[in-house]
Amino acid sequence: MNDLAKAKTYKSEVKPIWCPGCGDFAVLSALTKAFAYLDLDKKDLAVISGIGCSSRLPAYLSSYGFHGIHGRALPVAAGLKLARPELTVIASGGDGDGFSIGGNHFLHACRRNLDLTYIVMDNEVYGMTKGQASPTTKPDWVDSPLTPHGTGVRPFQPAAIALAAGASFIARGFSGDPNGMTKLIIDAIQHPGFAFIQVLSPCPTYRPEQKLWKNQVSSFPHAPTDNPLEAATRLYADDGMSSGLIFQSQYPAWQQTSAVTASIHQFEEEFIV
Amino acid sequence: MIKPESIEDMETFLALSYLLETESSDRYEELADNMQAHHDPEIAHLFRKLSHYGEQHASEIMEHADGLVLPAVASWEFEWQNPEGPETTPFEAIGFHMTADEVLHIALANEKRGRDFYAHIAEKSPTESIRKLAAEFSAEETEHVQLLEQWIADIAHKISARPEDLDPPNIPE
């Protein structure tokens, strides 16, 4: 069986209902190819998500999965990784889920540097609720009736904030380059720490102008660095439309050091029932 | 990254050719599933038909591999002209309410890229047997191009405007 045939075995029987042309298809495809390439055993693989179009992802995979609540993919993923450190844990979701509702969790997940991979499919819009501005929406986007004059607010900068918060692997992918993304996902899973990938993933329905991203995205013009200052300087000069591995360091991954010291029964005794 | 035209051994060339066809066929299948999910059985059926042809081409390639052990190759290891293999439809190429004509034009563009890909290898490969087989594959792709052009011509009289979407997804509530 070649990797393409093996990749198909990581897909579930549930067919994606994403809009035709959605960038999230490419992420699903890249993920399954990465799993096949790394020959991951499905019983040792869990994909955890929050809420939103892209958070449907676990349903489309045949691994273990948890389609959780809005913005809470990372706490669930972190809990799972602490309880079952031998698992490969992937958290996924969209820009609203990850940077607004789950923004605080994002900061602390970066800081803790648990050995997780977090993939955010960023389309700069809340698609599932029919097209409202998200944290990464540009201030002058006026196509939503809720923000007819634009948000007037500077967008969240995912890669720069991940760097400031202490993430040890920061990359940006593009759904128009599924092969490049597969490679990034492989590197992210192999990285021993918190690996964050922001994927530029166009929404053809609410942001049809993003179809032009394929002409705008270029390769990140620098080799990856392990120097945060250098990465910060590069990101400050970056227009947010480049893809590739930006920063990778070997900060020690956080893990539970002490063994369990109490039984479930002892925990229950602490609570008034 | 490996330049496809620099491949020197037949095993890797066949593995690459097989990959190219299966990647293309798998993608048609994914697009068919997507159109099916959005209640467009006619276009889903067309994508499945294209996927089936891709599978047939992949099987034909494997006939050349009889007795050989093909290496494992991954699409991202190669330097393509496009982000993926030449015959793979980009996910972003499709949309709601496509016409058969639009689908066939996508397939035609894929086959033309496949034809040109093999023609380039037929010209540049350092190995004579690969040059010869690549020329054969390019001729086959040329036939596929002609078939698709004929298919497009045959349905030309049936082409209607893009169907009206009575329930568009992007009307804000």
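Going down the list, the sequences are from chains U and A. Quick note: the first sequence uses my numbering, first residue 4, plus one each step. Quick note: the second sequence uses my numbering, first residue 3, plus one each step. All C-beta atoms in this analysis are idealised placements derived from N, C-alpha and C, irrespective of residue type, glycine included. No experiment lies behind these values; they were computed from the predicted model shown.
Quick one: list the residues of chain A neighbouring residue i, beta-carbon separation under 7 Å, in chain order.
i, result
"U/Gly24", "Phe93, Glu94, Ile96, Gly97"
Show which residues of chain A have a CB atom less than 8 Å away from the CB atom of residue i.
i, result
"U/Gly183", "Trp78, Pro85"
"U/Asp180", "Pro85"
"U/Tyr40", "Ala76"
"U/Lys186", "Trp78"
Closer than 9 Å, CB to CB, is residue i near chain A or not?
i, result
"U/Pro227", "no"
"U/Ile20", "yes"
"U/Asp190", "no"
"U/Lys214", "yes"
"U/Lys217", "yes"
According to DSSP, is residue i helix, strand or coil?
i, result
"U/Phe38", "helix"
"U/Gly74", "coil"
"U/Arg87", "coil"
"U/Leu64", "strand"
"A/Ile157", "helix"
"U/Phe197", "coil"
"A/Met37", "helix"
"A/Tyr20", "helix"
"U/Cys104", "Here the sequence assigns Ile to residue 104 of chain U, which means Cys is not the residue at that position. Three-state result, U/Ile104: helix."
Given that residue i touches chain U, what residues does it touch there, using C-beta distances under 9 Å?
i, result
"A/Thr24", "Asn5, Leu7, Ala8"
"A/His40", "Ile20, Cys22, Pro23"
If you draw a straight line from the alpha carbon of residue i to that of residue j, how long is it in whole angstroms?
i, j, result
"U/Tyr209", "U/Gly134", "6 Å"
"A/Glu130", "A/Ala60", "22 Å"
"U/Asp180", "A/Pro85", "5 Å"
"U/Thr150", "A/Asn112", "41 Å"
"A/Lys5", "A/Leu16", "14 Å"
"U/Thr228", "A/Lys134", "45 Å"
"U/Gly101", "U/Val50", "15 Å"
"U/Pro142", "U/Gly155", "4 Å"
"A/Trp153", "U/Leu215", "30 Å"
"U/Lys11", "A/Thr24", "12 Å"
"A/Lys51", "A/Glu104", "15 Å"
"U/Pro138", "A/Asn36", "29 Å"
"A/His47", "U/Cys113", "45 Å"
State yes or no: is the beta carbon of residue i nearer than 9 Å to at least one beta carbon in chain U?
i, result
"A/Met12", "no"
"A/Asn36", "yes"
"A/Ala111", "no"
"A/His107", "no"
"A/Ala102", "no"
"A/Ala17", "yes"
Applying the 10 Å Cβ sphere with the 16-neighbour rule, what's the burial state of residue i?
i, result
"U/Ala33", "buried"
"U/His108", "buried"
"U/Phe28", "buried"
"A/Pro92", "buried"
"U/Ala226", "exposed"
"A/Glu79", "exposed"
"U/Val145", "exposed"
"A/Glu81", "exposed"
Kindly list, in the order they appear in chain A, the residues whose Cβ is closer than 9 Å to that of residue i.
i, result
"U/Pro205", "Glu94"
Residue i touches chain U at which residues, Cβ-Cβ below 8 Å?
i, result
"A/Glu32", "Phe28, Ser32"
"A/Leu21", "Asn5, Leu7"
"A/Asp28", "Leu7, Lys11"
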